[in-house]
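Novice: Here it is, the structure, as structure tokens.
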Amino acid sequence: MSNGLAFLGFFGGGLSCVIFFLTVIEPRYQRHAANHAPSPPKPEKRLEICVLSGWSMVVAMFWFGWTSYPSIHWISPVLAGALLGFAVLGMFVSILNYIIDVYLWAAASALAGATVTRSLFGAAFPLFAVQMYQKLGTQWASSLLGFLALLMAPIPMILMRYGPALRKRSRYSPNKGH
Numbered sequence: 001m002s003n004g005l006a007f008l009g010f011f012g013g014g015l016s017c018v019i020f021f022l023t024v025i026e027p028r029y030q031r032h033a034a035n036h037a038p039s040p041p042k043p044e045k046r047l048e049i050c051v052l053s054g055w056s057m058v059v060a061m062f063w064f065g066w067t068s069y070p071s072i073h074w075i076s077p078v079l080a081g082a083l084l085g086f087a088v089l090g091m092f093v094s095i096l097n098y099i100i101d102v103y104l105w106a107a108a109s110a111l112a113g114a115t116v117t118r119s120l121f122g123a124a125f126p127l128f129a130v131q132m133y134q135k136l137g138t139q140w141a142s143s144l145l146g147f148l149a150l151l152m153a154p155i156p157m158i159l160m161r162y163g164p165a166l167r168k169r170s171r172y173s174p175n176k177g178h
């Protein structure tokens, strides 16, 4: 029963992300939208928290992995879980808002595609996760995920830079690269 309490860190991180989003990110976006009115705001503005969340995910995975030894106080991996909760929720909210802003009239289809992809990964991961953690150990299995997160962390910054050009080339985005 007490092992489940370790997930409170994840919950606390998600809660802190919601508070950060509502008090910092959304007001920044609203100011950006007001400054660009009557033109629509740039969808890439939605990726600000995703940049922070992507790098938070990298730190959280390595932090969790390398503080999961029994000799290290239990609070350290729980705090890493809090950072992970912040990262996951921040990416989720940011990417969903970005998809909606980019695809407008086709947003339902784009969100469905993103949901199917996310669900496929969610369905596949349990098929190998236990074996991966047993064979590699918590430290190296978490590091492997940390390295994957490190490879993907620059994607939001790349989208912020090249998003307008990519939208111009898309036949599904009415938001043509302003």
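Under UniProt numbering, the first residue of the sequence shown is numbered 1, with each subsequent residue one higher.
Think of the CB as a built atom: it goes at the ideal place given N, C-alpha and C, for glycine as much as any other residue.
(1) Rounded to whole angstroms, how far is the Cβ of I49 from the Cβ of G90, which I believe are closer than 8 Å?
(2) When you compare only the Cα positions, how much space is there between R161 and K45?
(3) Identify, in the order they occur along the chain, each residue of the same chain with its Cβ nearer than 6 Å to the Cβ of S142, setting aside the five sequence neighbours on each side.
(4) Whole angstroms is fine: what's the gap from A124's alpha carbon to A149's?
(5) To test your reading of the DSSP string, which unbroken beta strand (DSSP E) runs of 3 or more residues are found completely within the region 28–91?
(6) Counting Cβ pairs, one atom from each stretch, are 3 or more of them under 8 Å apart for the region 97–107 and the region 168–175?
(7) By DSSP, does A129 sit in helix, in strand, or in coil?
Specialist: Reading from the atomic positions:
(1) In the sequence shown, residue 49 corresponds to position 49, counting from 1. In the sequence shown, residue 90 corresponds to position 90, counting from 1. Contact flag correct, Cβ pair sits at about 5 Å.
(2) Here residue 161 corresponds to residue number 161 of the sequence shown, with the count starting at 1. Here residue 45 corresponds to residue number 45 of the sequence shown, with the count starting at 1. Roughly 11 Å between the two C-alpha positions.
(3) As a position in the sequence shown, residue 142 is number 142, starting the count at 1. Answer for S142: M61, F64, G65, listed in chain order.
(4) For the purposes of this step, residue 124 is taken as the residue at position 124 of the sequence shown. For the purposes of this step, residue 149 is taken as the residue at position 149 of the sequence shown. The alpha-carbon atoms of A124 and A149 are separated by roughly 17 Å.
(5) none
(6) yes
(7) By one-based count along the sequence shown, residue 129 stands at place 129. Reduced to three states, the DSSP call for A129 is helix.
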